[in-house]
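Just add 82 to wherever you are in the sequence shown, counting from 1, and you've got the numbering used here. Ideal Cβ placement from N, Cα and C applies to all residues, glycine included. As the structure is a computational prediction, the values presented were derived from the model and not from experiment.
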Amino acid sequence: MVFPQCHPGRTSSQRDRIRERHVPSLPDPRPPPHGQAAVLGPIASATSTARQTGDCDVRSERPRLSVIGTGYLGATHAVCMVELGYDVIGLDIDEAKIERLRAGEIPFFEPGLPELLAKHIDGGRLRFTTSYPEVAEFADVHFVCVGTPQRKGELAADMTYVDAAFSSLAPHLTRKVLVVGKSTVPAGTAARMESLLLDLAPNKDVELAWNPEFLREGFAVEDTLRPDRLVFGVHSAWAEQQLRAAFAPVLETGTPAVVTDFATAELVKVAANSFLATKISFINAMAEVCEVTGADVTKLAEAIGHDARIGRRFLNAGLGFGGGCLPKDIRAFIARAGELGVDQAVSFLREVDEINLRRRVRTVEIGLDLVDGSYHGTHVAVLGAAFKPNSDDVRDSPALDVAASIGRRGGTVVIYDPHAMQNARRMHPELTYVESLIEAVTGADVIMLLTEWDEFRAMSPERIGALVAHRNLVDGRNVLDPVQWRAAGWLYRALGRP
83 MVFPQCHPGR TSSQRDRIRE RHVPSLPDPR PPPHGQAAVL GPIASATSTA
133 RQTGDCDVRS ERPRLSVIGT GYLGATHAVC MVELGYDVIG LDIDEAKIER
183 LRAGEIPFFE PGLPELLAKH IDGGRLRFTT SYPEVAEFAD VHFVCVGTPQ
233 RKGELAADMT YVDAAFSSLA PHLTRKVLVV GKSTVPAGTA ARMESLLLDL
283 APNKDVELAW NPEFLREGFA VEDTLRPDRL VFGVHSAWAE QQLRAAFAPV
333 LETGTPAVVT DFATAELVKV AANSFLATKI SFINAMAEVC EVTGADVTKL
383 AEAIGHDARI GRRFLNAGLG FGGGCLPKDI RAFIARAGEL GVDQAVSFLR
433 EVDEINLRRR VRTVEIGLDL VDGSYHGTHV AVLGAAFKPN SDDVRDSPAL
483 DVAASIGRRG GTVVIYDPHA MQNARRMHPE LTYVESLIEA VTGADVIMLL
533 TEWDEFRAMS PERIGALVAH RNLVDGRNVL DPVQWRAAGW LYRALGRP
């Protein structure tokens, strides 16, 4: 890639400092060919503590890392980077969260992560703090992993936490280090953070890079240790080298690294999420058509999925997507495109969002048909509260949204989820929660399967049928066999299926 020499909107002194840094310091800053490992030369032991403080602090050893923000992304990144062989310090301003992590407790459910945390806390290569001076002294590469939630009452992302993290870290950076943004942010954020670092950091050779995350909840450990790609948004060969050193074990397995500029790196994540959301909403739009034509959306998805240009993955019609990423990311993308004057380019994402929300309304309507048009006085067993299986995340959960809607319509909603009960109860204390599947379905007038946990997929229609008041079932995820359930006397309904 060609490293830019200046950026509009910066002062002449800022441009001069950046221009000096953009002179490549490596013979060849290009990434290695696809499938080949990056060649970085010998990497010293991760326990090495040698430091350089000159203007050319190009490290040949494995860097020490900090992770700013220890929520879902940050805690996962910190623990997994230690698993890859690095010394890591995690920072959060929430003292209670830090105390839990120090005690070896993960404050959320993610398969495989608690075991790795306990292993590395005991091993002494991972520690946690609330002190910015401590992380500045310790680390050579700082990963900023704070949240960018949707602004209340708006589409745009709330950048409060990103701004605070950079503003709090920068004044303590007294030697040349690399600060790496991993948070999902609107295009243009990285350039703004670079200017902030130059203004606030005592050492004006501090550099910025952007390295978006692509974690799937429930598979975050695997996605961190064995990602399908890495994206490095950099402005110098030195920054690229530092990132390659920080991900050396991953690159050595042949993981491709896409080296690009800030804006492209920022857009990669929102573009990927927008494409995924579009594919999910497309098949859900087809489900709407299937319902009025008598077609079966599962067979439709199977047929078009055989087309190699389309593929079968994520063509699973149902209740739609939720969580803390896809919904807010596409809305923030719409907002940012409007600010940039290209809102028409992503106007289709508004319909993607609307299709997704309509699935929740339709699920409530299907259940209503099974209880003679009124939820008043009915016992509705809701199976699932998390937005997806293998997670306890209830942010923008379609399952909880449907449950709350039924509760407002007078139904007695009884919820069971294998791991998300505590979070769900905090969000919707007005609903009823039980500790087992059997408790939830006993005496139910209708069962609504809304999160496709394996426990629910494995239900026996005969055994469950012996417990309910009426054999009515809404399969909100199209994961059960309608032939089997109907043969057992159930009135089975699903989204997009006859």
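For Ser-249, the secondary structure class from DSSP, reduced to helix, strand or coil, is helix. Of Thr-337, Leu-147, Ser-277 and Val-528, the smallest CA-CA separation from Gly-558 is found for Val-528.
The Cβ neighbour count for Gln-426, taken over all protein chains shown within 10 Å, is under 16; the residue is labelled exposed.
For Ala-485, the secondary structure class from DSSP, reduced to helix, strand or coil, is helix. Within the region 495-556, the complete alpha helix (DSSP H) segments of 4 residues or longer fall at 503-509, 519-523, 536-539 and 543-547, listed in chain order. Rounded to the nearest whole angstrom, the C-alpha separation of Glu-384 and Leu-577 is 16 Å. Spatial neighbours of Gly-489 in its own chain (CB-CB distance under 7 Å, excluding positions within 5 residues in sequence) are listed in chain order as Val-495, Glu-512 and Leu-513. The three-state secondary structure of Arg-441, taken from DSSP, is helix. Looking from the CA of His-254, the closest CA among Gln-232, Asp-281, Glu-534 and Thr-266 belongs to Asp-281. Note that the C-beta distance between Ala-399 and Asn-366 is below 8 Å. When the five nearest sequence neighbours on each side are left out, the beta carbons in the same chain lying within less than 7 Å of the beta carbon of Asn-285 are those of Leu-255, Thr-256, Arg-257 and Lys-258, in order along the chain. By the criterion of a C-beta distance shorter than 8 Å, Ser-356 is surrounded in its chain by Asp-411, Ile-412, Phe-415, Val-428, Leu-431 and Val-434, once the five residues flanking it on both sides are discounted. When the Cα atoms are used, Ile-362 and Asp-475 turn out to be separated by approximately 19 Å. Bounds of any beta strand (DSSP E) do not take in Arg-326; it lies within the alpha helix (DSSP H) bounded by 319-328.
Membership of Trp-567 in the alpha helix (DSSP H) is indicated by the continuous run 564-569. Between Ile-180 and Phe-210, the gap from beta carbon to beta carbon is short of 8 Å. By the CB criterion at 8 Å, Ser-487 and Val-446 fall inside the cutoff. In the structure shown, His-254 falls within a helical segment according to DSSP collapsed to helix, strand and coil.
For the alpha helix (DSSP H) assignment, the uninterrupted runs of no fewer than 4 residues enclosed by the region 212-249 are, from N- to C-terminal side, 214-220. When secondary structure is reduced to three states using DSSP, Ile-150 falls in the strand class. Per DSSP, reduced to three states, the secondary structure at Arg-490 is helical. Every alpha helix (DSSP H) of 4 residues or more that sits fully in the region 183-212 is shown, in chain order, as 195-205.
Following the DSSP letters along the chain, one finds Leu-260 in no alpha helix (DSSP H) but inside the beta strand (DSSP E) bounded by residues 260-263.
Minimum Cα-Cα distance from His-501 among the listed residues Lys-381, Glu-537 and Leu-166 corresponds to Glu-537.
Counting every other CB atom within 10 Å of its CB across the protein chains shown gives Pro-215 a total below 16, marking it as exposed. Contact annotation: Ala-239 and Leu-278 have beta-carbon atoms that are not nearer than 8 Å.
Segment contact: the region 195-212 against the region 223-239, fewer than three CB-CB distances shorter than 8 Å; contact not assigned. In this structure, the alpha-carbon of Ala-330 lies about 21 Å from that of Gly-206.
Distance between His-159 and Glu-436, taken at the CA atoms: about 33 Å. Of the residues assessed, His-458 falls on the exposed side of the cut-off, its CB having fewer than 16 other CB atoms within 10 angstroms.
Apart from the 5 residues on each side of it in sequence, Met-275 sits with its Cβ closer than 7 Å to the Cβ of Phe-248, Gly-263 and Leu-290 in its chain, given in chain order. Per DSSP, the continuous alpha helix (DSSP H) segment holding Val-371 begins and ends at 344-375.
Contact check between the region 301-319 and the region 162-171: three or more CB pairs, one atom from each, fall below 8 Å, which counts as touching.
Scanning its chain for C-beta atoms nearer than 7 Å, with the 5 sequence neighbours on each side dropped, one finds around Phe-191 the residues Ser-473, Asp-474 and His-501, in chain order. Trp-535 sits away from Pro-480, with the two beta carbons spaced by 8 Å or more. If you look at Arg-575, you'll find it in the beta strand (DSSP E) that goes 573-576.
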